[in-house]
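For what it's worth, full-length UniProt numbering labels the leading residue of the sequence shown as 1, then goes sequentially. Glycine included, every Cβ here is placed at the ideal spot set by N, Cα and C. This structure is a prediction, so every number in the text was calculated from the model and none was measured.
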Amino acid sequence: MCSWCWGFAPVAKALVEQAQAAGVELHLVVGGLRTGSGSALEPTTRRYILEHWQAVTEATGQPFKFDGALPDGFVYDTEPACRAIVTARSLAPDCAWTLVGLIQQAFYAEGRDVTQASVLVELAEKAGVPRIEFAALFDHADQHKATQADFSWVQDLGIAGFPTLLAERNGQLALLTNGYQPLSELSPLLGRWLERAACV
1 MCSWCWGFAP
11 VAKALVEQAQ
21 AAGVELHLVV
31 GGLRTGSGSA
41 LEPTTRRYIL
51 EHWQAVTEAT
61 GQPFKFDGAL
71 PDGFVYDTEP
81 ACRAIVTARS
91 LAPDCAWTLV
101 GLIQQAFYAE
111 GRDVTQASVL
121 VELAEKAGVP
131 RIEFAALFDH
141 ADQHKATQAD
151 FSWVQDLGIA
161 GFPTLLAERN
171 GQLALLTNGY
181 QPLSELSPLL
191 GRWLERAACV
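Written out as structure tokens, the structure reads:
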């Protein structure tokens with residue numbers, strides 16, 4: 001539920017494929033962009049967000065459904081979507097990346113409320129995660145804790161912007177990007193890092 005992450009989705013997909021082709025293990029961490037407010041969006045905040053979405057679609061070409069977006073009473077809480085990813089990661093790691101894309105598509109391009117557990121269960125099943133297991137685990141205390149652990153890890157690194165891509169070698173983290181950049185910039189950067197990693 002980060003508009004720049006949605007804008008970045010085609011770039012991320014290409015970079016993931018590039019890293020996988022080189023045999024690099026990938027780990028998806030959720031950052032918790034807007035969590036726990038519990039209150040509906042104010043009209044001024046809604047206008048600001050929709051202007052932001054317009055900027056993202058103009059910069060990236062990713063589709064957004066503006067008609068009826070962020071309706072009155074909508075609580076913009078990214079925690080449930082993040083917890084859905086963490087739950088999928090624990091049950092079917094290979095499906096977690098697919099679920100990210102489905103949640104983004106549902107929220108931004110289809111205008112669906114991905115803060116609702118019923119929607120997230122449906123999308124998880126579509127991503128290939130076993131429905132019954134996902135539904136049973138989604139609201140379990142362990143998944144809440146694991147999601148908060150992701151948030152804390154991100155915060156402890158001082159990451160405040162998304163998307164962020166990090167590369168790790170021998171316990172050392174390298175920043176590939178913090179924020180949207182086009183594939184033409186990031187693919188060569190990742191390629192150089194992969195070359196150096198292969199030489200170690």
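Candidates GLN62, TRP53, TRP97 and SER39: closest to residue 205 by CA position: The first residue shown for the chain is 1 and the last is 200, placing residue 205 beyond what the model contains.
Output the distance between the C-alpha atoms of ILE49 and GLY32, rounded to the nearest integer angstrom. Taking the first residue of the sequence shown as 1, we reach residue 49 at position 49. Taking the first residue of the sequence shown as 1, we reach residue 32 at position 32. Rounded to the nearest angstrom, the two C-alpha atoms are 17 Å apart.
With 16 as the cutoff for other CB atoms within 10 Å, does ARG196 come out buried or exposed? As a first step, residue 196 is located in the sequence shown; it is residue number 196 there, counting from the start. So ARG196 ends up on the exposed side.
For GLU168: DSSP bridge partner residues: The sequence position of residue 168 within the sequence shown is 168, counting from 1. The partner list for GLU168 (beta bridge, DSSP) reads LEU173.
Let me make sure I understand the geometry here. Which of ARG83, GLY191, TRP6 and GLY7 has the alpha-carbon closest to that of GLN116? Your numbering for residue 116 matches position 116 in the sequence shown. When only C-alpha atoms are compared, the closest one is ARG83.
To the nearest angstrom, how far is it from the Cα of ALA96 to the Cα of LEU28? Taking the sequence shown and counting its residues from 1, one reaches residue 96 at position 96. Taking the sequence shown and counting its residues from 1, one reaches residue 28 at position 28. So the two alpha carbons sit approximately 8 Å from each other.
Could you name the residues of the same chain whose beta carbon sits closer than 8 Å to that of ASP77, not counting the 5 residues immediately before and after it, in chain order? For the purposes of this step, residue 77 is identified with residue 77 of the sequence shown, where counting begins at 1. Taken in chain order, the residues that qualify are ARG34, THR35, GLY36, SER37, GLY38 and THR115.
THR98 - containing alpha helix (DSSP H), residue span: Translated into the one-based positions of the sequence shown, residue 98 becomes position 98. Element bounds for THR98: 93–104.
Candidates GLY61, SER184, PRO182 and ALA167: which alpha carbon is nearest LEU176's? Residue numbering aside, residue 176 sits at position 176 when the sequence shown is read from its first letter. When each option's Cα is compared against that of LEU176, the closest is ALA167.
What does the alpha-carbon distance come out to for the pair HIS144 and LEU91? On the sequence shown, residue 144 is found 144 positions in, with the first residue counted as 1. On the sequence shown, residue 91 is found 91 positions in, with the first residue counted as 1. If I take the Cα positions, the gap works out to 15 Å.
Kindly list the residues whose CB is nearer than 7 Å to the CB of LEU102, restricted to its own chain and excluding five residues on each side of it in sequence; keep chain order. In the sequence shown, residue 102 corresponds to position 102, counting from 1. In chain order, LEU123, LYS126 and ALA127 place their CB closer than 7 Å to the CB of LEU102, counting only its own chain and leaving out the 5 sequence neighbours on each side.
Using 8 Å as the threshold, is the C-beta distance between GLU42 and THR147 below it? Along the sequence shown, one-based indexing puts residue 42 at 42. Along the sequence shown, one-based indexing puts residue 147 at 147. It is not a contact, given that the beta carbons lie outside the stated cut-off.
Considering only residues of the same chain and omitting the five flanking positions on each side of ARG131, which have a CB-CB separation below 8 Å? Position 131 of the sequence shown holds residue 131. The answer, listed in chain order, is VAL121, ALA124 and GLU125.
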